[in-house]
Amino acid sequence: MIKKLICVVLAAFIAISASTSCGISKAERSENVVYVYNAGEYIDPDLLDQFTAETGIQVVYDEFESNEIMYPKIESGAAVYDVVCPSDYMIEKMIKKDLLQPIDYSKIPNIKNIGDYYIEQSRSFDPEHKYTVPYCWGTVGILYNKTMVSEKVDSWDILWDEKYKNEILMQDSVRDAFMVSLMDLGYSCNSLDHDEIEAATERLKAQKHLVQAYVVDQVRDKMIGNEAALGVIYSGEALYTQSQNPDLEYVIPKEGTNLWLDCWVMPKNAKNVENGLKFLNFLCDAKVAAKNFEYITYSTPNEACRDYIEDEDLKNSETAFPDLSKYTNLETYHYLGDTADKYLNGMWREVKSY
Amino acid sequence: MIRHNGIKRFYTILILFFLYAPILTLMVLSFNSSKSRSHWGGFTFDWYISLFENEHIMQAFWNTIIIAVISALIATIFGTLACIGMQVMKKRMRSVIMGITNIPMLNADIVTGISLMLLFIACRVNMGGATVLLAHITFNIPYVILSVMPKFRQINYATYEAAQDLGATPTYAFTHIIFPDILPGVISGFLMAFTMSLDDFIITHFTKGAGFDTLSTKIYSEVKKGVSPEIYALSTIMFTLVLALLVIVNARKFRPKKKGGAA
Amino acid sequence: MRKPWKSLSKKTRALAAPYFVWSVGFIIIPLIIIFFYGFADANGHFTLSNVASIFSHVNLKALIISMLLSFLSTFVCLLIAYPLAYILAEFGHGKSSLFAFIFILPMWMNSLLRTIAWQNLLEKTGLINTILSFFHLPTMMIINTPWAIVLGMVYDFLPFMILPIYNTLSRLEIDYANAARDLGANGWQTFWKITWPLSLPGVISGITMVFVPSLTTFVISDILGGGKILLIGNIIEQLFTQDNDWNAGAGLSIVLMIFIVISMIITDKYDKEDATKK
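Chains as they are written, first to last, in our numbering: chain P, 1047 to 1400; chain R, 4 to 266; chain C, 6 to 283.
So this is what it looks like as structure tokens:
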């Protein structure tokens, strides 16, 4: 009896598999396709359909969790993408490792919508402005729950306060974790000085017993769910979390923080360059950028799009469009070189195994 | 022993509860109208509706099923053939092959996954669904072999030889006497392989290419940003289907009590 | 048992050929590649430093913690699974083995999801603590501790322990036990002298199937450990995916492989010794 049943189920499975297996490689077979590799939850998915509807180009969309995880995939050629969206320091590394191809800006007329300020900022890692199309920017700050933290939050120091034992969520990424510690100590987040990095390591070790968990994007859900009182988070997530839990507040600490800029780039081994350029041009369109902003709530360098933002609260949000001149000591990450990367990674592992 | 029946029942139920509590939690979450998993927003069926409209999840689901079925099938064929072949091998050769078979079982998934990734990169294969399939077949074969091999020890060779003495061809004797004996092993090997493939994350993670996701890799990419309740809904459906299947089979098994009920 | 099939032609050997070719291509060669990376530095020169890096403070600590946690979870699995398998085998005797299937069924729910579910249950504001605090009981704070990782391991791998033990127990002839009892042995004696030794093969394969994945997991510690506890699996994973240092990652993989092989040899030897005693 079981045998028969298994046979029937098997036959059904195979029949279904056969009928859908065409679907498995549908996109691969079609010529008109663009491979996109983006950070997690970093685009309005409707836009991908809109792009396909407008241009007839299929979008194969993949997500990565962090720059560090994205890099080996591109470097080894394990996966071939046409457009990728890494952060500043990683772009610098990819340029230095000769993994990127110059972008033909004449094919992206909408690049005029990107504010000059951000193009200027991108020169810190792409000096000739050859490889990048700015996509989102923001800061790293502290998200705190007003019902659990009554004092004024304005310094990284609070992340070392014994009162908040087991109430702190730290970023589980080398650069961000060290940035918090280095900035708190008054050093540069691009420090190459071993003494400074060691001091920062010690400080992170001293913090460890207070930390509830080292997480990446989960900070968002955990803060919404009142799991923790304080969390280190990207500014773009602040608006969303506040809409879900009004008790949350985002601050940029007075010691300064990281100002980051994520840009689209095209890897050297990209196969569908024309389609990739069309995709980037599409994303730079003011209306598209506005729609995207309303979905992901990360600050956009697309200045033309602000007129198209329908939600008045979002449009005038201080968090999404902060007056950067108010803050001193905002620093962009730089690629530190392979030796320093390795050193930092080793130190970070020491913190995490402490 | 009968005196302890109460304790036994209690113990069994306790373990069942332990095993099923997280699954129940997921099922409950699939009806949660709030997207956040730590917040109950009210009862809803919406996720079940939007699930079928979500191309990415459905594609990942079909990928998972296709990979699991094909890889388990191929692994079962290769594995069973290998087991038969090994029966007539010299002991040394057999232990070499069994040794190789044990490598993926004993190796960390992560090492298996990475070694295959390095192989594909070295061969300049563009990674995608096909490489995942190859990888799954590779780690599935040992499960088949390890569940078929023991069955050969229980075979009644006398019957087999008697059949041949009575004029059956070796092939006929094989398919009618040996094969039925090892069939339970083959089936459980297939099921094992299917389950392993269905559940694998680590090896898929390393051998998949652009634009290809199975449910596991899809879920992992969502763990960090909050799993979408549609995935809970899909898992609830899958789980309920398997459970229903089991109940049907069981019901059929217990109903006809005519033959062999005395054992 | 080892009797070769006299009547089965030697040509039958060829049936193993597809698998043999496959295993060379997809098991042996990839393994060689791992060894190649493990014993080479970034420039491709021979070095032992990747393998030796296991003695660094961080890696050694991770390995020891991994060993401790996987020993513990294997032990707990055995403790839970054996009585259960015994009960199931007893209950299911002559009945459907599908009864045992109920205990395997959870494996059909994606293991990542089930682990995430435990996170939901154990969190500070999770289900268990919500219920506990509703009854004004002290809350349980094991999430992001080694205990949560052990719990996750036990939960994820328990079916791997139940199944093989159940299989051997259900195949045991009750007659042995009955005979022993007829000859005057009491329940415990019957168990220790007859049932336990005969079920050892199942126990050993159960131990293998729980110990190896526990030793090498990085997902469970990631989800339930809050990133505060690094297991050796986490370190290898990070070396490959984040540090992009394949040589060091491969070196540690080799060490891990050696550890697993050693522990398997030890269990296997124990198994054989026990079998010969009988």
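Using N, Cα and C, we set each Cβ at its ideal position, and we do this for glycine too.
Just so we're clear, the structure is a prediction, and the values are computed from it rather than from any experiment.
Three-state secondary structure assigned by DSSP to residue i
i, result
"C:Thr221", "helix"
"C:Leu177", "coil"
"P:Leu1145", "coil"
"R:Phe209", "helix"
"P:Ser1170", "coil"
"P:Ala1073", "With a pLDDT of 43 at P:Ala1073, under the threshold of 50, the modelled position of this residue cannot be trusted; read the value that follows with caution. Reduced to three states, the DSSP call for P:Ala1073 is helix."
"R:Ile18", "helix"
"R:Gln157", "coil"
"P:Asn1191", "strand"
"P:Ile1120", "helix"
"C:Ile148", "coil"
"R:Ile146", "What sits at residue 146 of chain R in the sequence shown is Tyr, not Ile. In the structure shown, R:Tyr146 sits in a helix (DSSP, three-state: H, G or I)."
"P:Ala1259", "strand"
"P:Asn1375", "coil"
"C:Thr130", "coil"
"R:Phe3", "Here chain R has residues from 4 to 266 only, and residue 3 of chain R is not among them."
"P:Cys1068", "Bear in mind that a pLDDT of 38 at P:Cys1068, under 50, signals an unreliable position, so the model cannot answer this."
"P:Leu1231", "coil"
"C:Phe60", "helix"
"R:Gln90", "helix"
"P:Ile1089", "coil"
Per-residue burial, residue i [other beta carbons within 10 Å of its own, 16 or more giving buried]
i, result
"P:Thr1378", "buried"
"P:Arg1075", "Caution applies to P:Arg1075, whose pLDDT of 49 falls short of 50 and renders its modelled position unreliable; the value that the coordinates give is listed next. That one is exposed."
"P:Gln1167", "buried"
"C:Asp250", "buried"
"P:Lys1072", "Unreliable placement is indicated for P:Lys1072, whose pLDDT of 42 sits below 50; the coordinate value is still reported in the next sentence. Label assigned to P:Lys1072: exposed."
"P:Cys1068", "Legend: pLDDT at P:Cys1068 = 38, less than 50; position of this residue unreliable, no value from coordinates given."
"R:Phe215", "buried"
"R:Ile185", "buried"
"R:Ala125", "exposed"
"R:Trp50", "buried"
"P:Pro1402", "This structure cannot speak to residue 1402 of chain P, because chain P is shown only from 1047 to 1400."
"P:Gln1253", "buried"
"P:Arg1249", "buried"
"C:Trp201", "exposed"
"R:Val284", "Because chain R in this structure spans residues 4 to 266, residue 284 of chain R falls outside the shown range and cannot be described."
"P:Val1130", "buried"
"P:Ile1070", "Reliability of the predicted coordinates at P:Ile1070 is poor, the pLDDT of 43 falling under 50, and the value obtained from them is presented with this limitation in mind. The residue in question, P:Ile1070, is buried, as its Cβ has 16 or more Cβ neighbours within 10 Å."
Counterpart residues of residue i in DSSP-defined beta bridges
i, result
"P:Asn1084", "P:Glu1109"
"C:Ala45", "C:Phe51"
"P:Met1312", "P:Gln1147"
"P:Ser1345", "P:Trp1183"
"P:Leu1305", "P:Thr1185"
"C:Met269", "Paired residue(s): none; C:Met269 is not in a bridge."
"P:Asn1156", "Answer by DSSP bridge pairing: none, since P:Asn1156 is not bridged."
Inter-residue CB distance, residue i and residue j (contact presumed, cutoff 8 Å)
i, j, result
"C:Phe108", "R:Leu22", "7 Å"
"C:Gly211", "C:Ala86", "7 Å"
"C:Leu117", "R:Tyr235", "The pair is not a contact, with the Cβ atoms about 12 Å apart (cut-off 8 Å)."
"P:Trp1183", "P:Trp1306", "6 Å"
"C:Val56", "C:Val260", "6 Å"
Check whether residue i and residue j have beta carbons under 9 Å apart
i, j, result
"C:Phe31", "R:Leu109", "no"
"P:Ser1316", "P:Ala1335", "The sequence shown places Ala at residue 1316 of chain P, rather than the Ser named in the question. No. Outside cutoff."
"C:Val215", "C:Met158", "yes"
"C:Ile240", "C:Leu257", "yes"
"C:Leu205", "C:Leu177", "no"
"P:Leu1015", "P:Ile1214", "Residue 1015 of chain P lies beyond the stretch modelled for chain P, which goes from 1047 to 1400, so this question has no answer here."
"R:Lys38", "R:Pro232", "yes"
"P:Gly1392", "P:Ile1279", "no"
"R:Phe197", "R:Thr220", "no"
"P:Val1265", "P:Gly1277", "yes"
"P:Asp1090", "P:Ile1342", "yes"
"C:Ile154", "C:Leu127", "no"
"R:Tyr146", "R:Ala247", "no"
"C:Thr221", "R:Val114", "yes"
"P:Asp1134", "P:Asp1293", "no"
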